[in-house]
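A.B. asks:
Protein chains in written order, with our numbering: chain C, 327 to 437; chain E, 433 to 546.
#1: Which same chain residues, not among the five before or five after residue 499 of chain E, have their C-beta less than 7 Å away from its C-beta?
#2: Assuming residue 521 of chain E and residue 422 of chain C are in contact, meaning their beta carbons sit under 8 Å apart, how far apart are those beta carbons, in whole angstroms?
#3: So, is the C-beta of residue 458 of chain E closer than 7 Å to a C-beta in chain C?
#4: Check the Cβ of residue 540 of chain E against every Cβ in chain C and list those closer than 9 Å, keeping chain order.
#5: In the DSSP assignment, the beta strand (DSSP E) including residue 361 of chain C goes from what residue to what residue?
#6: Which of the three DSSP states, helix, strand or coil, is assigned to residue 403 of chain C?
#7: Looking at the C-beta of residue 506 of chain E, does it have a partner C-beta in chain C at a distance below 7 Å?
#8: Using a beta-carbon distance cut-off of less than 7 Å, what residues from the stretch 438-469 of chain E approach chain C?
#9: Mapping the DSSP letters down to three states, classify residue 351 of chain C as helix, strand or coil.
#10: Using beta carbons (cut-off 7 Å, strictly below), is residue 526 of chain E in contact with chain C?
#11: Below 9 Å on C-beta distance, what does residue 389 of chain C contact in chain E?
#12: At 3 residues or longer, and completely inside the stretch 479-538 of chain E: list those beta strand (DSSP E) runs for me, N to C.
#13: Please list the partners that residue 480 of chain E has in chain C, where partner means a Cβ-to-Cβ separation under 8 Å.
#14: State whether the stretch 437-445 of chain E contacts the stretch 454-462 of chain E, with contact taken as three or more CB pairs (one from each stretch) at a distance under 8 Å.
#15: Whose CA, out of C/350, C/340, C/371, C/332, lies closest to the CA of residue 394 of chain C?
#16: Among the candidates E/542, E/472, E/540, E/536, whose CA atom is the shortest distance from the CA of residue 462 of chain E?
#17: Enumerated in chain order, which unbroken segments of the beta strand (DSSP E) with a length of 3 residues or greater are wholly contained in the stretch 365-396 of chain C?
#18: Rounded to whole angstroms, what is the Cα-Cα separation between residue 420 of chain C and residue 356 of chain C?
#19: Hey, quick one: how far does the beta strand (DSSP E) through residue 340 of chain C stretch, first residue to last?
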C-alpha cells in the first residue's frame with residue numbers, strides 16, 4: 327500500500343510567521359499535488375508539481391517536489407489569517423487519475 | 433468552480449438501512465471518484481469510474497457499491513449502513529491525462545449512521 331505521511335498534523339501560529347509542511351513517501355510519484363480545504367467545503371487544488379526538484383511559487387506559498395519524486399514541501403511566508411485551513415498533499419502515479427492523499431495538516435493562523 | 437453537486441448534503445440514518453448518495457456533474461468529465469474523509473486519515477478512495485458502466489475499487493471499498501449509467505451521474509450505495517461508515521463523503525471529477533491529475537471536488541455529504 328502506497329502511503330503519504332504528512333507532517334505536522336496540526337500547526338497553530340501567529341500571523342506573520344513562516345511555516346513548512348512536509349509530505350513524505352517511500353514510493354515514487356509521477357506528480358504531487360497540494361490542495362487546500364476550508365470547513366464545509368471540498369478540497370481545491372493549489373498546485374501540481376511533476377518534475378523532480380521542481381519549485382513552484384504561488385504568491386507567499388512555495389512548493390517543492392523532491393529530486394527523487396518521493397517527497398514534497400509547502401512553505402508559507404508571512405502567514406495570514408486567511409491561510410487558515412486544511413492542507414492536503416496527494417500523489418499521482420499515472421493510473422486513471424487515482425490519487426493517494428496524505429492525512430492533512432490543519433493550519434490555524436491567529437491574528 | 434467545476435459544476436459538481438452532491439445530494440443529500442446531510443443524512444442521518446440507522447444501522448442496517450440502505451443509503452444512496454448521488455454525485456452529479458455538468459462538466460462532461462470522464463473520471464469520477466468517491467472518497468470518504470475521516471479525522472487523521474485524509475481522503476481515502478472508495479470507488480472510481482473511468483466511463484459509463486466502467487468502475488473499479490479503491491482502497492476502502494468494502495461495504496460500498498457504485499453505479500454509473502450516465503456520464504453525469506455517479507451513485508454510491510451503502511447496502512446496509514454501519515456506524516463505521518459515519519463520515520463525510522466527497523465526490524470528485526477529472527479529465528485525467530498522464531501528468532495531469534487535477535481533481536475537482538464536490539461540497540461533500542455528511543453521513544451519520546446511528
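Backbone N, C-alpha and C define an ideal beta-carbon position, used for all residues, glycine too.
C.D. replies: Looking at the coordinates:
#1: So the qualifying residues of the chain are 507.
#2: Approximately 20 Å separates the beta-carbon atoms of residue 521 of chain E and residue 422 of chain C; this is outside 8 Å, ruling out the contact.
#3: No, no contact with chain C.
#4: Within chain C, 366, 367, 368 have C-beta atoms less than 9 Å from the C-beta of residue 540 of chain E, given in sequence order.
#5: Per DSSP, residue 361 of chain C belongs to the beta strand (DSSP E) from 357-363.
#6: Coil at residue 403 of chain C, not helix or strand.
#7: Closer than 7 Å: no.
#8: Residues passing the 7 Å Cβ filter: 463.
#9: Judged by DSSP in its simplified three-state form, residue 351 of chain C adopts coil rather than helix or strand.
#10: True, the Cβ-Cβ gap to chain C drops below 7 Å.
#11: Chain E residues near residue 389 of chain C: none, gap ~14 Å exceeds 9 Å.
#12: Along the stretch 479-538 of chain E, the beta strand (DSSP E) occurs as fully enclosed runs of 3 or more residues at 486-489, 496-502, 505-510, 519-526, listed in sequence order.
#13: 422, 423, 424, listed in chain order.
#14: Judged by Cβ distances under 8 Å, the stretch 437-445 of chain E makes contact with the stretch 454-462 of chain E, as three or more pairs qualify.
#15: The residue among C/350, C/340, C/371, C/332 with its C-alpha nearest the C-alpha of residue 394 of chain C is C/350.
#16: Checking every option, the nearest Cα to that of residue 462 of chain E belongs to E/536.
#17: Fully enclosed beta strand (DSSP E) runs of 3 or longer: 370-375, 381-384, 387-391.
#18: The alpha-carbon atoms of residue 420 of chain C and residue 356 of chain C are separated by roughly 6 Å.
#19: Per DSSP, residue 340 of chain C belongs to the beta strand (DSSP E) from 336-340.
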